[in-house]
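J.:
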């Protein structure tokens, strides 16, 4: 995935960049399945590699497909990037080690959801149970966000029939 | 692309399976991976596939603009409506356990309608955005 | 052993920084949006990798499995993915409008045209 990302950074033909972004999404979905996140992997594969690619291709068709050569050597952004890398790596040293059962995220609410989900909701897929029932407000907000995005695109791209 | 026989035949064979898969993902979200979002996106992708092969006007005849715009709003209303049904039957907003004769059945019903609302809105929005992007180009050509 | 334990975080940091570099150092607006979406996917990895327990399985309750991976980050990231694509769609709609108004989607050309138009307006043209 890191290789595909570096190719996206360097590549200037935008059509190639869009195809590489689709490849990146599929690789991310595969990694997510390896990390046991099957719901998320299905969503990332369909949304990231499907809809995102379609929208990017539609925008490319309307906008033209080549990126201009960068004018100056980007020393300042590179320096900023390296500083950010240093800060983030220093920050991650304090995070829990991969697959630690005693990490704080595993001991507070998650065991309660895993144990009570079947008894309280009758739904074996804990992710759906949490999404639709335990954290139903968040899903309502998310549906409203999707609706707003649709309304925004309609407002931006609608043609007035005044001719 | 309509003139290419292979694409036409393959599209006609694949479309029912894609729509069926979208419905499967929607209704089996309780027992396996899936749920409203994935189902909505797969359903929209099926119609977009049809539009890519047979042209945008054919897709517009199949799923007219009015229907898509109605779907965008109807899903959110359905979701909010389930919440109000919870209030009407005696609980708080978005309480599912009052919706049926026993709490677990109420949860099942609530989750079913809520996921249906999510799928309707997501597929409507994705399809509408595709329609807008695709028809903008035609407007530029005229 | 600390190197192996934190490997997933370092991959996340690399992807995040690559996305950040694309956003700040490249002028093409569509490429900036793609860089933003790479940044977002690195954040998904940041949340889901610590939730995985080696020897566990996907969080779908079934007979015979006793250890499950943590379902809460999955819920958060599901919402985040959908919000990310909504942002991408709106950003692309704005880019299409910019292209129609200015004729180009390179950031420096758009800024130059804006400054020229602003100077004309200030001169009373």
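Residue numbers (our numbering), protein chains in the order written: chain H, 33 to 195; chain B, 4 to 145; chain V, 55 to 179. Glycine included, every Cβ here is placed at the ideal spot set by N, Cα and C.
The region 53-80 of chain H: which residues have C-beta closer than 8 Å to a C-beta of chain B, in chain order?
T.: 70, 71, 73, 74, 75, 78, 79
J.: So, helix, strand or coil for residue 75 (chain V), using DSSP?
T.: helix
J.: Cβ of residue 118 (chain H) less than 9 Å from any chain B Cβ?
T.: no
J.: Taking the alpha carbon of residue 120 (chain B) as the reference point, which residue from B:63, B:54, B:60, B:86 has its own alpha carbon closest?
T.: B:86
J.: From the DSSP output, in three-state form, read off residue 122 (chain V) for me.
T.: strand
J.: Report the three-state DSSP secondary structure of residue 159 (chain V) (helix, strand or coil).
T.: coil
J.: Could you give the distance in angstroms between the alpha-carbon of residue 109 (chain V) and the alpha-carbon of residue 76 (chain H)?
T.: 24 Å
J.: Give the DSSP bridge partners of residue 131 (chain V), in chain order.
T.: For residue 131 (chain V), which the question treats as bridged, DSSP gives no partner whatsoever.
J.: Going along chain B in order, which residues have a C-beta closer than 7 Å to the C-beta of residue 143 (chain V)?
T.: In chain order: 132.
J.: State the Cα-Cα distance for the pair residue 163 (chain H) and residue 174 (chain V), rounded to the nearest angstrom.
T.: 54 Å
J.: Among H:49, H:113, H:108, which has the Cα closest to the Cα of residue 84 (chain V)?
T.: H:49
J.: What residues of chain H sit near residue 48 (chain B), judged by a beta carbon separation below 9 Å?
T.: 78, 82, 83, 86
J.: Using alpha carbons as the reference points, say which of V:73, V:89, V:136 lies closest to residue 177 (chain H).
T.: V:136
J.: DSSP puts residue 114 (chain V) in a beta bridge; with which residues?
T.: H:157
J.: For residue 36 (chain B), decide whether its Cβ has a neighbour in chain H, counting only Cβ atoms nearer than 9 Å.
T.: Chain H contact via Cβ: present.
J.: Can you name the residues that DSSP bridges to residue 82 (chain V)?
T.: V:160
J.: What is the DSSP secondary structure of residue 68 (chain H), reduced to helix, strand or coil?
T.: For residue 68 (chain H), the three-state secondary structure derived from DSSP is coil.
J.: Taking beta-carbon pairs under 9 Å, can you tell me which members of the region 145-179 of chain H lie near chain B?
T.: 151, 152, 153, 154, 155, 156, 157, 159, 160, 161, 163, 164, 165, 168, 169, 171, 172, 174, 175, 176, 178, 179
J.: I want to see whether chain B comes within less than 9 Å of residue 56 (chain V), judged by CB atoms only; does it?
T.: At residue 56 (chain V) the pLDDT is 49, less than 50, meaning the model places this residue with poor confidence; the figure from the coordinates comes in the next sentence. No, no contact with chain B.
J.: Return the CA-CA distance between residue 56 (chain V) and residue 104 (chain V), expressed in angstroms with no decimal places.
T.: Low confidence applies to residue 56 (chain V): its pLDDT is 49, below 50, so where it sits in the model is not reliable, and the reading given next is rough at best. Using only the alpha carbons, I get a separation of about 15 Å.
J.: Could you check if residue 184 (chain V) is buried or exposed, using at least 16 other CB atoms within 10 Å of its CB as the buried criterion?
T.: The first residue shown for chain V is 55 and the last is 179, placing residue 184 (chain V) beyond what the model contains.
J.: Should residue 78 (chain V) and residue 112 (chain H) be called a contact, given that it needs their Cβ atoms to be closer than 9 Å?
T.: yes
J.: Near residue 87 (chain H), which residues of its chain fall below 7 Å by C-beta distance, leaving aside the five closest residues on each side in sequence?
T.: none
J.: Checking contacts by CB at 9 Å: is residue 146 (chain V) closer than that to chain B?
T.: Residue contact check for residue 146 (chain V) against chain B: a CB pair falls below 9 Å.
J.: Cβ atoms of residue 189 (chain H) and residue 139 (chain B): under 9 Å apart, would you say?
T.: yes
J.: So the alpha helix (DSSP H) residue 18 (chain B) belongs to, where does it begin and stop?
T.: Here the alpha helix (DSSP H) through residue 18 (chain B) covers 8-30.
J.: One question on the structure: do residue 46 (chain B) and residue 126 (chain B) come within less than 9 Å of each other, judged by their Cβ atoms?
T.: In contact: residue 46 (chain B) and residue 126 (chain B) (Cβ atoms closer than 9 Å).
J.: Within 9 Å of any Cβ in chain A, is that where the Cβ of residue 94 (chain H) sits?
T.: No chain A appears in the structure shown, which is made up of the protein chains H, B and V.
J.: Does the region 104-114 of chain B come within contact of the region 60-67 of chain B, defined as at least 3 CB pairs closer than 8 Å?
T.: no
J.: Taking CB distances under 9 Å as the criterion, tell me whether residue 20 (chain B) reaches chain H.
T.: Not an interface residue.
J.: Using a C-beta to C-beta distance shorter than 8 Å, which residues of chain H count as neighbours of residue 132 (chain V)?
T.: 71, 72, 75, 159, 163
J.: Find out if the Cβ-Cβ distance for the pair residue 127 (chain H), residue 128 (chain V) is shorter than 9 Å.
T.: With contacts defined as CB atoms closer than 9 Å, residue 127 (chain H) and residue 128 (chain V) fail to qualify as a contacting pair.
J.: Please state the DSSP three-state secondary structure of residue 93 (chain V).
T.: helix
J.: Thinking just about the alpha-carbon of each residue, which of H:83, H:70, H:154 is nearest to the one in residue 138 (chain V)?
T.: Minimum Cα distance to residue 138 (chain V) is reached at H:83.
J.: Give the DSSP-derived three-state secondary structure of residue 38 (chain H) in the structure shown.
T.: helix
J.: Mind checking whether residue 130 (chain B) and residue 56 (chain B) have CB atoms under 9 Å apart?
T.: No, Cβ-Cβ distance for residue 130 (chain B) and residue 56 (chain B) is not below 9 Å.
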